[in-house]
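Trainee: For what it's worth, the working numbering labels the leading residue of the sequence shown as 84, then goes sequentially.
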Amino acid sequence: MMKPHGSYAMENPPIVPPSSVPTMLWVALVCLATLAGYQAIHRAPTPDKTPEQWQAVALADLNAVHTAIIEAHPGYIDTANPVVRLWTEQGYREARALIPRVINYDTMMSAVRYYVTGFQDGHLGYSDNTRSDGFHEMVNGWRIDEHGGAAVVTAVMPGWDGLLPTPGATLLECDGRTPGAIVAEDQAPYFDRRNLPSVRNSLFPELSSLRLAGLELKRCTFVQPDGEQVKMEVKYRRMPTMDVWKGLRRVHTHSPDRRNRYDFRDKVLWIRVPDFMPGPDAAKDLDIMSREIAALRDVRSIVFDTRENAGGDSAVGQKIFDAATGGLEFDTSGLEHQLQVYAQWRVSDISISGVSAYVDMMAERYGSADPRTQETKQLLCSFA
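Structure representation (structure tokens):
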């Protein structure tokens, strides 16, 4: 599933302009998954398929995404962002060339995601929401996580027939490349190409699985916990997805606190806002917190701490900001000389369907009478 939003164009625009706008709406752009071949393979629970069948799925989905971009993505008709239209065709050709390297579900995902991530649009994604217990992955038997700038082994597959690094070991290099280079070259193009530390660090665990045939690591150097440096041949094995999940995916690592909260000391108001997509209970807590913040007096400084925030409904941030400040006025003289940013929505059957679903979600989360829900309804009406 793909999730685009309005396109934002600027003078000398990059591929994807800023995403910090007053109201951010995620519109579900559903791939044309009614293709018979796609449905036949993605109905869960589903047994695994042959490489040829997965290649057919990749081509069907790639064609569907290509069509959806042309028909519905705002960037495609935005003359201020010509690179979007260029990648629509160039990226499609490059992604099609990857299809012969598709051998399973994960590599099928990689071929299509290569195309989607090339737009470098943080609100456009191809969702891994059809994985079946019957599928298999090609894995190397060990998991890496980034810790303090080092690539550390945090898990290994139990019962693995062969040599594996010890948990706690540090990966130095594979085939002459650093872990960071491997992530940038072999993982990022198939997940997220944005060169941001948080994005790149989140991709280290993906080194466990093969993205495409031909990207196999061959020989890696580790520093064991006792300081011994060892070189190991890397072997890939076809393993059931559930076994991989239990052995390598379900590993306890740092889990950030996603609660919105605040602290008021020495006249400094420190507001932690890691979550812009609160659920119903969190939305109630947000209302309570906003009222408490609005009642504070003698606030000298305000810090908005957005670490770990992955985006969402920026009306949440606006609500907190208004509660903390009461609304601020500022001098607008000379504003016309500043970088001009504008927002656009492209009306299409896909965007109308997506916003309709978003209205339902907002009503469930905040209530149908909530101003945020009403604002979304107004947007939907403007599409008519």
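We put the CB at the ideal spot given by N, CA and C, even for glycine.
What does DSSP give as the partner residue(s) for Gly395 in the beta ladder?
Mentor: Phe359
Trainee: In chain order, what residues of the same chain have a beta carbon less than 7 angstroms from the beta carbon of Asp414, not counting five sequence neighbours either side?
Mentor: Result list for Asp414: empty, nothing under 7 angstroms.
Trainee: Does the beta-carbon distance from Trp137 to Asn187 come in below 7 angstroms?
Mentor: yes
Trainee: Give a yes or no on whether the C-beta atoms belonging to Ala141 and Val195 are separated by under 7 angstroms.
Mentor: Yes.
Trainee: Should Asp381 go down as buried or exposed, given a rule of 16 or more other Cβ atoms within 10 Å for buried?
Mentor: exposed
Trainee: Extract the residue ranges of the alpha helix (DSSP H) inside the region 250-305, only unbroken runs of 4 or more that lie entirely within it.
Mentor: For the region 250-305, whole alpha helix (DSSP H) runs of length 4 or above, ordered along the chain, are 262-265 and 280-285.
Trainee: Going by the beta-carbon positions, is the gap between Tyr159 and Val167 smaller than 7 angstroms?
Mentor: Between Tyr159 and Val167, the C-beta gap is smaller than 7 angstroms, which places the two residues in contact.
Trainee: Quick one: measure Cβ to Cβ for Leu255 and Val317, integer angstroms, because I've assumed they're closer than 8 angstroms.
Mentor: With 8 angstroms as the limit, Leu255 and Val317 do not qualify as a contact, their Cβ atoms being about 14 angstroms apart.
Trainee: Measuring straight from C-alpha to C-alpha, what distance separates Val399 and Ser431?
Mentor: Going by the C-alpha atoms only, they are around 27 angstroms apart.
Trainee: Can you have a look at Arg321 and say buried or exposed, based on whether 16 or more other CB atoms are within 10 angstroms of its CB?
Mentor: exposed
Trainee: Using only alpha-carbon positions, find the residue among Arg184, Pro183 and Gly205 that is nearest to Gly394.
Mentor: Gly205
Trainee: How many whole angstroms separate the CB atoms of Gln270 and Leu290, which I take to be in contact at a CB cut-off of 8 angstroms?
Mentor: 7 angstroms
Trainee: Can you tell me which residues form a DSSP beta bridge with Met221?
Mentor: Under DSSP, the beta-bridge partners assigned to Met221 are Arg321.
Trainee: Please report the straight-line C-alpha distance between Pro157 and Gln401, rounded to a whole angstrom.
Mentor: Taking C-alpha positions only, Pro157 is separated from Gln401 by approximately 25 angstroms.
Trainee: When burial is assigned at 16 or more other CB atoms within 10 Å of the CB, is Asn278 buried or exposed?
Mentor: It counts as exposed.
Trainee: Among the candidates Phe274, Gly245, Trp353 and Gly450, whose CA atom is the shortest distance from the CA of Ala366?
Mentor: Gly450
Trainee: Would you list the residues sitting across from Arg353 in a DSSP beta bridge?
Mentor: Looking at the sequence itself, residue 353 is Trp, so the reference to Arg does not match. DSSP lists Asp346 and Val386 as partners of Trp353.
Trainee: Does the separation of the CB atoms of Thr253 and Ala233 fall below 7 angstroms?
Mentor: yes
Trainee: Taking the alpha carbon of Val222 as the point to measure from, which residue in Met240, Gly231 and Glu229 has its own alpha carbon closest?
Mentor: Met240
Trainee: Based on the DSSP secondary-structure assignment, which residues constitute the bridge partners of Ala238?
Mentor: Arg226
Trainee: Give the C-beta separation of Val438 and Leu462 to the nearest angstrom, bearing in mind that I take them to be a contact with Cβ-Cβ under 8 angstroms.
Mentor: 6 angstroms
Trainee: Is Lys460 helix, strand or coil when you go by DSSP?
Mentor: helix
Trainee: Since Val293 and Thr162 are thought to touch, with beta carbons under 8 angstroms apart, how far apart are those beta carbons, to the nearest angstrom?
Mentor: The residue asked about is misnamed: residue 293 is Leu in this sequence, not Val. With 8 angstroms as the limit, Leu293 and Thr162 do not qualify as a contact, their Cβ atoms being about 40 angstroms apart.
Trainee: By Cβ distance below 7 angstroms, which residues in the same chain neighbour Thr324 in space, the five residues on each side in sequence not counted?
Mentor: Counting only Cβ-Cβ distances below 7 angstroms, and skipping sequence neighbours, we find Arg214, Asp216, Phe218, His219 and Glu220.
Trainee: Is the distance from the Cβ of Val334 to the Cβ of Ser384 below 7 angstroms?
Mentor: no
Trainee: Are the CB atoms of Leu369 and Asn343 nearer to each other than 7 angstroms?
Mentor: yes
Trainee: What are the start and end residues of the alpha helix (DSSP H) that includes Val166?
Mentor: Pro165 to Leu181
Trainee: Figure out for me which residue from Asp453, Asp443 and Ser436 has the closest Cα to the Cα of Phe466.
Mentor: Ser436
Trainee: Do Val235 and Trp225 have their C-beta atoms within less than 7 angstroms of each other?
Mentor: One thing to note: Val235 has its Cβ no nearer than 7 angstroms to the Cβ of Trp225.
Trainee: For the alpha helix (DSSP H) containing Val199, name the first residue and the last one.
Mentor: Segment Tyr188 to Thr200, the alpha helix (DSSP H) holding Val199.
Trainee: For Ala377, count the other beta carbons within 10 Å of its own beta carbon; 16 or more makes it buried, fewer makes it exposed. Which is it?
Mentor: exposed
Trainee: What does the alpha-carbon distance come out to for the pair Ala406 and Ile153?
Mentor: 41 angstroms
Trainee: Looking only at C-alpha atoms, which of Phe387, Ser416, Gly297 and Trp428 sits nearest to Thr408?
Mentor: Ranking the options by Cα distance to Thr408, first place goes to Phe387.
Trainee: Mind checking Gly410: buried by the 16 CB within 10 Å criterion, or exposed?
Mentor: exposed
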